[in-house]
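The C-terminal position of the sequence shown is numbered 721 in the working numbering, with every residue numbered one higher than the one before it.
Backbone N, C-alpha and C define an ideal beta-carbon position, used for all residues, glycine too.
Predicted model only: the values in this text are computed from it and were never measured.
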Amino acid sequence: MMTNLLRNSYATLVALFIAMFALPTTTQAQIEYSLAIGGKVVTSDNCKDLSEIDGVSGTVNYEPKTKTLTLQDAMIEGDIMYAISSDIYGLKIKVLGTNKITAQAYGIIFSRPTSIIGDGTLEIVGSDESGINTSGNTLTVESCTLNVKGGKFGIRGYDGNHGEDITVKNAKITAEGTSEGSIGNIASLAMEGCAIIEPTGAAFDESLHGVALNGVLVKEKVVIAPASAPVTEYELIIAGTKVNDKNCSNLSEIEGVKGTVKYDPETKTLTLEDATINIEKEDAIYSVIDGLTLKVVGNNTLKGTNTAIGFQKPMTITGGGTLNAESTKETAIYAVGTSLVIEDCTINAKGLACGISGNDGENGEQLTIKNAKVTAEGKEGGSVCDFVTLTMEGCVITEPVGAAFNESLHGVALNGALVKDKVVIGPAPTPITEYELVIAGTKVNEKNCGNLSEIEGVDGTVKYDDETKTLTLENATINVGEKNALFSVIDGLTIKVVGNNTLKGSDAAIVFSKPMAITGGGTLNVESTKQTAINAIGTALTIEDCTVNAKGLDCGISGNSGKDEEKLTVKKATVSAEGTNVGSICNLAMLTMEGCAITEPVGAEFDESLKGVALNGALVKGKVVITNGATAIGSLTTDKATAKQGIYTLSGVRLSVELNKLPKGVYIVNGKKVVKQ
């Protein structure tokens, strides 16, 4: 009975098409096409604007050359049997924008192969019968969206045995048939770039000639949609969510995640920039990626009850920023049988169990810290523990003092026990170049040499230039207690005095063991209340073009024991020296004066045997004054022998050799300076 009804229906459709389209094709020179819209035949006269037909609105036109019917934001409705009916072979219905067609029997019916294309949406309703009736022909739906609904079928063919082949290409179709089936009476259903996604498990059934589920045609909504591309998942979990190629570029969409969090699978880099991951009962970050780089930029915080960072493959944390990792119940950073490198960043790790931990310290857990600052605290298990090795490059353990990595305990320990309080690992102090010069008890170095007046007890301008080995005193005062005002082991040190300067202390004021010169045109007052003012230990001192006043309880200016190298040279300078207990200028092998002479006390001179300035066979302990330019050279010149007389060097040493046997030079003969040629 059903077969006869179908046959009768099919015959009726054929008769309909004959009646509609087998009429004379010309009436008053117009051409009629095998296409009707809203029950009206499309002709060469109306095809360019079919919206003039009753019940038609929006843009509806037909192009006969390309056999294209265009619907753009169009509506076809009214008391009509068919909204669109066609007997055109290869008709293309192009949908743009949002469109809707409604009819009593069929929204669209056609007896020749037809395509529905475009990028728009078309809603089709056939109230009593079907939204679309292929009527024994093929239908192709491509790159558009169709929502089809009918009283009996959503989309139907004749009986599925007359070539009703439907092809869906990268399109979305929603079909619903109330009484018979959503998609039925078709010979085949081919899908390219799309699939049946609703209901779950539904598929085309050849025997039932339609979309079926559990052996029955589906009468509820059937959805065919573009197939989702397979999702590539990575071995990385953020706040309980697996990272994949879809979400990796913006992981801040995950619940509990804020700021910038993203993963680049090509470089295996997880970037945190001013990010916060706050989660309960899940690890903030868990990785099984071999060679993951965690790049921290700005200030970042990971916090939760579980491990903040857990990983099973080697990982590096770097980036220049700060990462605060905290676990309120477990370990902050947990290396499960693998290695961790922390480089060029700041890490603060705090956990109830451990701060930074391996598994048990016997499975290759290696921790390397390079030029980074790390603080770790683990209340129960240890702050840094369960590692085979701890390697530090450019940094050291600074807190607690004395803590170190203990191989047997597999962690940072102090006094034979793992440290459970804060462990601080920071950059190793940059080596500071120190110079062999001490000012007021402070070693001069490359950092402080430019302004030594910051040293306690030092005022005025005091600075040292290591390139020229020059210590400059300009209107300076160095007043110390039981320290040397100045101590030098610099070979060739020059003390440049500018303005008026004073060095004072209870110990020797100036002490040096390598050759030194005092110059500069200014004045230097040196005093020791208990020892020697200026003490040359086994070396030479030159005073030139300046004024030096040296006063000490023991000595004014002194060598150590008068060794050969302990020499004092005064060039065009004024020097006063006073040493109450031992001697004013003493313990020297030689005193040489150029452009100056001893003027006080009268008759005082350097005595080689006493190794100092003496008068009447005893070292002078009162003030000795050497005055710049005090004595001019006499005019006597001789080259022949004379009788024995008093001959002295410029330094005051009496000579027993006759003048004619002495080498060329300047001597004092009978109180006058004489040039020996």
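**Message:** Quick check: the Cα distance between Gly221 and Pro157, rounded to an integer number of angstroms?
**Reply:** Your numbering for residue 221 matches position 177 in the sequence shown. Your numbering for residue 157 matches position 113 in the sequence shown. A straight-line Cα-Cα distance of about 22 Å links Gly221 and Pro157.
**Host beta strand (DSSP E) of Gln116 (start-end)** = Your numbering for residue 116 matches position 72 in the sequence shown. Residue range Thr112 to Ile120 is occupied by the beta strand (DSSP E) that includes Gln116.
**Item:** Reference Phe197; option with closest CA among Ser171, Ile534 and Ser187
**Value:** The residue given as residue 197 occupies position 153 in the sequence shown. In this structure, Ser171 is the residue among Ser171, Ile534 and Ser187 with its C-alpha nearest to the C-alpha of Phe197.
**Request:** Taking the CB atoms as reference points, tell me whether Ile534 and Phe556 lie closer together than 9 Å.
**Result:** Working through the sequence shown from its first residue, we reach residue 534 at position 490. Working through the sequence shown from its first residue, we reach residue 556 at position 512. Yes, these two residues count as a Cβ contact at 9 Å.
**Asked** Comparing alpha-carbon positions, which option in Gly596, Gly408, Gly259 and Ile240 lies nearest Asn528?
**Response** The sequence position of residue 528 within the sequence shown is 484, counting from 1. Minimum Cα distance to Asn528 is reached at Gly596.
**Request:** Tell me whether Asn704 sits in a helix, a strand or coil according to DSSP, three-state version.
**Result:** Working through the sequence shown from its first residue, we reach residue 704 at position 660. The answer is helix: DSSP assigns Asn704 an H, G or I state.
**Request:** With DSSP as the reference, label Leu135 as helix, strand or coil.
**Result:** What you label residue 135 is simply residue 91 of the sequence shown in a count that begins at 1. For Leu135, the secondary structure class from DSSP, reduced to helix, strand or coil, is strand.
**Request:** Pull up the DSSP beta-bridge partners for Lys675, would you.
**Result:** Indexing the sequence shown from 1 puts residue 675 at position 631. It should be pointed out that residue 675 corresponds to Thr in this sequence rather than to Lys. Answer is none; Thr675 lacks a bridge partner.
**Item:** Separation of Asp89 from Ile75, as counted between CA atoms
**Value:** One-based indexing of the sequence shown puts residue 75 at position 31. One-based indexing of the sequence shown puts residue 89 at position 45. Approximately 8 Å, taken between the alpha carbons.
**Prompt:** Would DSSP call Val635 helix, strand or coil?
**Reply:** Translated into the one-based positions of the sequence shown, residue 635 becomes position 591. Going by the sequence as given, residue 635 is Leu instead of Val. Under the three-state reduction of DSSP output, Leu635 falls in the strand class.
**Request:** Can you say whether Cys476 is buried or exposed, counting buried as having 16 or more other CB atoms within 10 angstroms of its CB?
**Result:** Residue mapping note: residue 476 aligns to position 432 of the sequence shown, counting from 1. According to the sequence as given, residue 476 is Ile; it is not Cys. Exposed, because fewer than 16 other Cβ atoms sit within 10 Å of the Cβ of Ile476.
**Item:** Close Cβ partners of Thr624 (< 8 Å) along its chain, the five nearest in sequence each way excluded
**Value:** Against the sequence shown, residue 624 aligns to sequence position 580. Within the same chain, and ignoring the five residues on either side of Thr624 in sequence, the residues whose Cβ sits closer than 8 Å to its Cβ are Gly596, Leu597, Asp598 and Lys665.
**Request:** Note down, one range per segment and in chain order, each alpha helix (DSSP H) of at least 4 residues found wholly within the stretch 201-268.
**Result:** Within the stretch 201-268, not a single complete alpha helix (DSSP H) segment reaches 4 residues in length.
**Item:** Rounded C-alpha distance that separates Met235 from Thr184
**Value:** Counted from its first residue, the sequence shown places residue 235 at position 191. Counted from its first residue, the sequence shown places residue 184 at position 140. Between Met235 and Thr184, the C-alpha separation is close to 10 Å.
**Item:** Cα-Cα separation between Gly99 and Glu224, rounded to whole angstroms
**Value:** The residue given as residue 99 occupies position 55 in the sequence shown. The residue given as residue 224 occupies position 180 in the sequence shown. Put simply, the backbone Cα of Gly99 is about 29 Å away from that of Glu224.
**Item:** Range of the contiguous beta strand (DSSP E) that encloses Pro471
**Value:** Position 427 of the sequence shown, counting from 1, holds the residue named residue 471. Pro471 -> beta strand (DSSP E) spans Val467 to Pro471.
**Asked** Do Lys357 and Val385 have their CB atoms nearer than 9 Å?
**Response** Within the sequence shown, numbered from 1, the residue matching residue 357 stands at position 313. Within the sequence shown, numbered from 1, the residue matching residue 385 stands at position 341. Their beta carbons are not under 9 Å apart, which means Lys357 does not touch Val385 by this criterion.
**Asked** Going by beta carbon distance, what residues of the same chain come within less than 7 Å of Gly582, once the five residues before and after it are set aside?
**Response** Numbered from its first residue, the sequence shown carries residue 582 at position 538. Annotation for Gly582: Ser557, Asn604, Lys607, Glu609 and Glu610 place their beta carbon closer than 7 Å to its own, counting only its chain and skipping 5 residues before and after.
**Prompt:** What residue range is occupied by the uninterrupted beta strand (DSSP E) comprising Asp503?
**Reply:** Here residue 503 is taken as the residue at index 459 of the sequence shown, counted from 1. Start and end: Val502 to Asp509.
**Request:** Note down the Cα distance separating Ile153 from Ser251, rounded to an integer number of angstroms.
**Result:** Within the sequence shown, residue 153 is the residue found at index 109, counting from 1. Within the sequence shown, residue 251 is the residue found at index 207, counting from 1. In a straight line, the C-alpha of Ile153 is about 24 Å away from that of Ser251.
**Item:** Range of the contiguous beta strand (DSSP E) that encloses Asn593
**Value:** In the sequence shown, residue 593 corresponds to position 549, counting from 1. Element bounds for Asn593: Thr591 to Gly596.
**Asked** How many Å lie between Glu80 and Met119 at the Cα?
**Response** Counted from its first residue, the sequence shown places residue 80 at position 36. Counted from its first residue, the sequence shown places residue 119 at position 75. Checking the sequence shown, residue 80 turns out to be Ala, not Glu. The straight-line gap from Cα to Cα measures roughly 15 Å.
**Message:** For a test of the three-state rule: what should DSSP assign to Leu458, helix, strand or coil?
**Reply:** Here residue 458 refers to the residue found at position 414 of the sequence shown. The answer is strand: DSSP assigns Leu458 an E or B state.
**Endpoints, beta strand (DSSP E) assigned at Phe449** = Against the sequence shown, residue 449 aligns to sequence position 405. It spans Ala448 to Asn450 - the beta strand (DSSP E) in which Phe449 sits, taken as one unbroken run.
**Prompt:** Hey, Leu530 and Ile499: beta-carbon distance below 9 Å or not?
**Reply:** Here the question's residue 530 lines up with position 486 in the sequence shown. Here the question's residue 499 lines up with position 455 in the sequence shown. Result no, Cβ atoms of Leu530 and Ile499 do not sit closer than 9 Å.
**Prompt:** Looking at C-alpha atoms only, which residue of Glu374, Thr390, Ile377 and Ile160 is the closest neighbour of Gly363?
**Reply:** Translated into the one-based positions of the sequence shown, residue 363 becomes position 319. The shortest Cα separation from Gly363 among Glu374, Thr390, Ile377 and Ile160 belongs to Thr390.
**Message:** Measuring straight from C-alpha to C-alpha, what distance separates Phe650 and Thr442?
**Reply:** The residue given as residue 650 occupies position 606 in the sequence shown. The residue given as residue 442 occupies position 398 in the sequence shown. Straight across, the Cα-Cα distance linking Phe650 with Thr442 is about 59 Å.
**Request:** Could you pull the start and end residues of the beta strand (DSSP E) that Val418 belongs to?
**Result:** Residue mapping note: residue 418 aligns to position 374 of the sequence shown, counting from 1. Start and end: Lys417 to Gly422.
**Request:** Please report the Cβ distance between Tyr77 and Ile132, rounded to the nearest whole angstrom; I am assuming they are in contact, meaning their Cβ atoms lie under 8 Å.
**Result:** Position 33 of the sequence shown, counting from 1, holds the residue named residue 77. Position 88 of the sequence shown, counting from 1, holds the residue named residue 132. Between Ile132 and Tyr77 the Cβ distance is about 7 Å, and since that is below 8 Å, they are a contact.
**Item:** Boundaries (first-last residue) of the beta strand (DSSP E) holding Gly426
**Value:** Reading the sequence shown from its first residue, position 382 is the one you call residue 426. From DSSP, the beta strand (DSSP E) with Gly426 extends over Gly426 to Cys429.
**Asked** Could you check where the beta strand (DSSP E) with Cys599 kicks off and where it finishes?
**Response** As a working note, residue 599 is residue 555 in the sequence shown. Counting along the chain, the unbroken beta strand (DSSP E) around Cys599 starts and ends at Cys599 to Ser602.
**Asked** chain C beta carbons: is any one of them nearer than 9 Å to that of Gly422?
**Response** The question asks about chain C, but that chain is absent: this structure has only one protein chain.
**Message:** Using only CA atoms, which one of Gly661, Glu387, Pro559 and Ser497 lies nearest to Thr613?
**Reply:** Along the sequence shown, one-based indexing puts residue 613 at 569. Cα-wise, what sits closest to Thr613 is Pro559.
**Message:** Between which residues of its own chain and Glu526 is the CB-CB distance below 6 Å, once the five residues before and five after are set aside?
**Reply:** For this step, residue 526 is matched to residue 482 along the sequence shown. Setting aside the 5 residues that flank it on each side, Glu526 is surrounded in the same chain by Ser550 and Asp551, each with a C-beta closer than 6 Å to its C-beta; the list follows chain order.
**Request:** Using beta-carbon positions only, say whether Gly455 and Val463 come within less than 9 Å of one another.
**Result:** Position 411 of the sequence shown, counted from the first residue, corresponds to residue 455. Position 419 of the sequence shown, counted from the first residue, corresponds to residue 463. Yes, they are a contact pair.
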